[in-house]
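Visitor: The structure under discussion is supplied below as structure tokens; questions concerning it will follow.
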Amino acid sequence: MRLWLQPRSLAGRTILILLFGFAVIQALGLGIHTVNQINLARIEQQRVIATQDVIIYRHVAAIAPDQRAALLGTEPIPSGDAISLSSAAPAHDATYPLPLAARQILRASIIGYGIPPALRPRGLEMRGATNPPRYILSFALPDSQATPAPLQPELPNAAPNPLPRTPLVWLSIVSPAPRPEPWRSPEFGTAFIVMSLLGGVMIFWAVRRLLVPVRTLALAAERLGRDVANAPDLPETGPVELVTAAVAFNTMAARIRKFVADRTFLITAIGHDLRTPITRLKLRAEYMDDDEQRLKMLADLDEMEAMVAATLAFGRDIAATEAVTRIDLPSLLRTILDEAGDGMPERAGALSYDGPEHLAINARPLSLKRAIVNLVNNALKYGDAARLRLTQQDAGRIQIDIEDNGPGIPAADSETVFEPFKRLEISRNRETGGSGLGLSIARNIIRAHGGDIALSNMRGGGLRARITLPV
Ligand SMILES: Nc1ncnc2c1ncn2[C@@H]1O[C@H](COP(=O)(O)OP(=O)(O)OP(=O)(O)O)[C@@H](O)[C@H]1O
Ligand SMILES: [Mg+2]
């Protein structure tokens with residue numbers, strides 16, 4: 001079942017899966033980075049606040065209690081902060097105790113700052129508040145307790161401490177603690193985008209590169225199917241897997257070639273060996289007394305001889321490995337028409353060529369000529385005319401049409417006539433002769449050139465054989 005959005009190509013599917021995986025990894029990485037950044041920024045924030053608060057506290061603690069209120073107004077504090085002195089313990093409403101980790105960091109920074117023993121705070125409260133987020137650090141000032149509490153063990157049944165305690169005086173500093181913004185920095189955004197793009201490009205590049213051999217293999221198989229004799233071997237180089245595939249492919253191609261060669265050899269051997277007995281039979285027929293029977297036998301033997309000759313030619317064509325050269329196609333077509341005209345002067349008027357003056361293509365000239373000659377002969381034999389038209393198609397293809405004035409071919413037979421020895425009844429009735437190999441040979445040759453032949457009936461009558469060829 002094909003899923004929606006599922007690409008058709010292997011490359012597309014692989015790229016999609018890898019990109020999806022890459023996106024998940026990037027998202028996870030981004031998440032981890034964010035959590036880390038937030039934690040680091042919080043620690044940094046707490047250190048800064050602790051240091052700045054302990055400095056303020058030292059200033060306040062160092063002066064006489066009655067001057068402290070006046071100092072608060074002049075104490076330089078960061079904007080957004082607020083300081084207050086209160087004789088009551090700090091109120092807890094709308095605040096929450098800071099988590100242990102935060103308290104440890106704050107306490108460590110305060111202790112690390114180094115406060116003389118006489119100025120050490122009597123108490124420290126660390127709380128947080130939300131909306132807006134802020135820290136509230138409250139220090140109990142050292143000398144606010146005028147009479148120190150006497151060391152007195154508090155026994156379970158002891159009377160309450162009779163000595164009144166001076167209430168502690170608290171210095172509270174409120175500092176805003178905005179949420180850290182881990183993605184704020186432009187460097188981070190740029191780096192993330194560059195990383196993602198690089199990853200994506202690498203995935204595209206690697207997958208395309210990895211799949212090149214698959215395309216090469218498909219092309220090679222296609223070429224082998226078209227032209228077994230001349231298809232080049234795959235290079236047996238590269239990574240182990242490719243070498244294994246190439247070796248397997250080349251072995252298969254060699255076996256197919258051997259099989260075709262054996263079959264061709266068999267056909268030609270039979271054809272060749274039949275020639276001698278046919279010649280002997282012909283000689284013997286000469287001695288027959290019955291004239292009518294003799295002539296009939298000689299005609300049959302002539303037909304057999306022609307069939308054997310055609311079979312041998314067919315075998316030769318399959319085995320042919322002619323070299324590809326650059327030829328001028330219009331010249332070749334005109335030569336074919338001239339020769340056909342010479343052979344049948346009465347039809348010379350029915351031969352015509354229409355197309356460019358010159359057009360160079362790469363082809364095996366003798367084979368190509370044989371293929372076109374076969375089609376021209378058919379057109380003359382069954383259709384009394386041969387009109388050739390050469391047109392150049394886009395995308396490097398040319399087209400040769402061979403048209404005649406004959407009865408055409410029933411649509412159902414337009415493919416079967418390409419089979420070896422296939423002839424239609426009409427041609428038998430017309431006693432045109434022939435072995436039924438012409439079209440088969442022609443198609444073999446044209447396919448070996450990377451093209452094809454198709455037959456179709458024209459609207460006004462007559463058959464059109466269309467050759468398409470890559471150039
Ligand atoms: N132009 C045509 N018009 C009508 N029928 C055709 C045409 N060309 C081919 N045919 C039919 O297709 C059959 C096969 O053609 P093919 O060229 O393969 O063999 P052939 O002409 O009979 O023998 P040969 O081997 O001598 O060419 C022919 O026998 C004929 O019936
Ligand atoms: Mg023919």
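Numbering (the numbering used here) for the sequence shown: 1 to 471. Even for Gly, the Cβ is constructed at its ideal location relative to N, Cα and C.
Below 8 Å CB to CB, which residues in the same chain sit around Val207 once its five sequence neighbours on both sides are set aside?
Guide: Translated into positions along the sequence shown, residue 207 becomes position 207. Excluding residues within five positions, the ones whose Cβ falls inside 8 Å are Ala11, Thr14, Ile15, Leu18.
Visitor: Please find out if some non-hydrogen atom of ligand 2 comes closer than 7 Å to the beta-carbon of Gly462.
Guide: Here residue 462 refers to the residue found at position 462 when the sequence shown is read from its first residue. The answer is no for Gly462.
Visitor: Please report the distance separating the alpha-carbon of Leu298 from that of Lys282.
Guide: On the sequence shown, residue 298 is found 298 positions in, with the first residue counted as 1. On the sequence shown, residue 282 is found 282 positions in, with the first residue counted as 1. Approximately 6 Å, taken between the alpha carbons.
Visitor: Cα separation between Trp170 and Leu141?
Guide: Here residue 170 corresponds to residue number 170 of the sequence shown, with the count starting at 1. Here residue 141 corresponds to residue number 141 of the sequence shown, with the count starting at 1. Spanning the two alpha carbons is a distance of roughly 6 Å.
Visitor: Taking the alpha-carbon positions, what's the Leu388 to Leu333 distance?
Guide: Position 388 of the sequence shown, counting from 1, holds the residue named residue 388. Position 333 of the sequence shown, counting from 1, holds the residue named residue 333. Their backbone Cα atoms lie some 8 Å apart in a straight line.
Visitor: Do Ala412 and Leu380 come within 8 Å of each other at the CB atom, strictly closer than that value?
Guide: What you label residue 380 is simply residue 380 of the sequence shown in a count that begins at 1. What you label residue 412 is simply residue 412 of the sequence shown in a count that begins at 1. Going by C-beta atoms, Leu380 is not nearer than 8 Å to Ala412.
Visitor: Excluding the 5 residues preceding and the 5 following Ala246 in the sequence, name in chain order all residues of the same chain whose CB lies nearer than 6 Å to its CB.
Guide: Here residue 246 corresponds to residue number 246 of the sequence shown, with the count starting at 1. For Ala246, where only same-chain residues beyond five positions count, the Cβ hits under 6 Å are Leu234, Glu236.
Visitor: Please identify the residue among Pro99, Gly315, Ala94, Leu106 whose C-alpha is closest to the C-alpha of Ile49.
Guide: For the purposes of this step, residue 49 is taken as residue 49 along the sequence shown, with counting starting at 1. Out of Pro99, Gly315, Ala94, Leu106, Leu106 has the C-alpha closest to the C-alpha of Ile49.
Visitor: Counting only the same chain and skipping the five closest in sequence on each side, list residues whose C-beta sits under 6 Å from that of Gln392.
Guide: Locating residue 392 in the sequence shown gives position 392, where the first residue counts as 1. For Gln392, where only same-chain residues beyond five positions count, the Cβ hits under 6 Å are Ile398.
Visitor: Quick one: is Asn362 buried, meaning 16 or more other Cβ sit within 10 Å of its Cβ, or exposed?
Guide: As a position in the sequence shown, residue 362 is number 362, starting the count at 1. Answer is exposed; the Cβ neighbour count stays below 16.
Visitor: Just the Cα atoms here: how many angstroms apart are Ala231 and Phe249?
Guide: Here residue 231 refers to the residue found at position 231 when the sequence shown is read from its first residue. Here residue 249 refers to the residue found at position 249 when the sequence shown is read from its first residue. Each residue's Cα considered, the two are about 12 Å apart.
Visitor: Rounded to the nearest angstrom, what separates Asn36 and Glu181 at their Cα positions?
Guide: Within the sequence shown, the letter at position 36 stands for residue 36. Within the sequence shown, the letter at position 181 stands for residue 181. Roughly 12 Å between the two C-alpha positions.
Visitor: Measuring only from the beta carbon, is Gly434 closer than 7 Å to any heavy atom that is part of ligand 2?
Guide: Here residue 434 refers to the residue found at position 434 of the sequence shown. Checking every heavy atom of ligand 2 against the Cβ of Gly434, one is found closer than 7 Å.
Visitor: Check whether the Cβ atoms of Arg226 and Ala465 sit closer than 8 Å, and answer yes or no.
Guide: Taking the first residue of the sequence shown as 1, we reach residue 226 at position 226. Taking the first residue of the sequence shown as 1, we reach residue 465 at position 465. Contact flag unset, no.
Visitor: I need the DSSP call for Ala88, collapsed to helix, strand or coil.
Guide: In the sequence shown, the residue the question calls residue 88 occupies position 88. Secondary structure of Ala88 (DSSP, three-state): coil.
Visitor: Could you tell me which residues DSSP pairs with Glu125 in its beta bridges?
Guide: Mapped onto the sequence shown, residue 125 falls at position 125. Beta-bridge partners of Glu125 (DSSP): Ser138.
Visitor: Less than 8 Å between the CB atoms is what I'm expecting for Arg257 and Ala229, so what's the real figure, rounded?
Guide: Position 257 of the sequence shown holds residue 257. Position 229 of the sequence shown holds residue 229. Rounded, the Cβ-Cβ distance is 7 Å, consistent with contact.
Visitor: Given a cut-off of 8 Å, decide if Ile409 and Leu376 are closer than it, judged by their beta-carbon atoms.
Guide: As a working note, residue 376 is residue 376 in the sequence shown. As a working note, residue 409 is residue 409 in the sequence shown. In the sequence as displayed, the identity of residue 376 is Val instead of Leu. For the 8 Å CB-CB criterion, Val376 and Ile409 do not form a contact.
Visitor: Roughly how far, in whole angstroms, is the beta-carbon of Leu350 from the beta-carbon of Asp384, given that I think they are within contact range, below 8 Å?
Guide: The residue you call residue 350 lines up with position 350 of the sequence shown. The residue you call residue 384 lines up with position 384 of the sequence shown. Before going on, a small fix: residue 350 reads as Ala here, not Leu. Confirmed, about 6 Å.
Visitor: Looking only at its own chain, which residues have a Cβ that is under 7 Å from the Cβ of Ala46, when we skip the five neighbours before and after it?
Guide: For the purposes of this step, residue 46 is taken as residue 46 along the sequence shown, with counting starting at 1. Note that residue 46 is Gln in the sequence shown here, rather than Ala. The residues are Ala102, Ile105, Leu106.
Visitor: Let me know if Ser9 comes out buried or exposed under the rule of 16 or more other beta-carbons within 10 Å of its beta-carbon.
Guide: Locating residue 9 in the sequence shown gives position 9, counting from the first residue. With fewer than 16 other Cβ atoms within 10 Å, it is exposed.
Visitor: What are the start and end residues of the alpha helix (DSSP H) that includes Thr335?
Guide: Start at 1 with the first residue of the sequence shown, and residue 335 comes out as number 335. 329-343 is the extent of the alpha helix (DSSP H) around Thr335.
Visitor: Can you pull the DSSP bridge partners for Leu398?
Guide: Mapped onto the sequence shown, residue 398 falls at position 398. As written in the sequence, residue 398 is Ile, which differs from the Leu given in the question. Answer by DSSP bridge pairing, in chain order: Gln392, Leu469.
Visitor: Could you pull the DSSP bridge partners for Ala386 from this structure?
Guide: The count along the sequence shown starts at 1 and reaches residue 386 at position 386. Its beta-bridge partners are Leu351.
Visitor: Using DSSP bridges, identify the partner residues of Glu403.
Guide: Against the sequence shown, residue 403 aligns to sequence position 403. Within the DSSP secondary-structure output, Glu403 pairs in a beta bridge with Arg387, Arg464.
Visitor: Given a cut-off of 8 Å, decide if Pro330 and Pro365 are closer than it, judged by their beta-carbon atoms.
Guide: As a working note, residue 365 is residue 365 in the sequence shown. As a working note, residue 330 is residue 330 in the sequence shown. No, these two residues do not count as a Cβ contact at 8 Å.
Visitor: Assign Asn362 to one of three DSSP states: helix, strand, or coil.
Guide: Within the sequence shown, numbered from 1, the residue matching residue 362 stands at position 362. DSSP places Asn362 in strand when its eight states are reduced to three.
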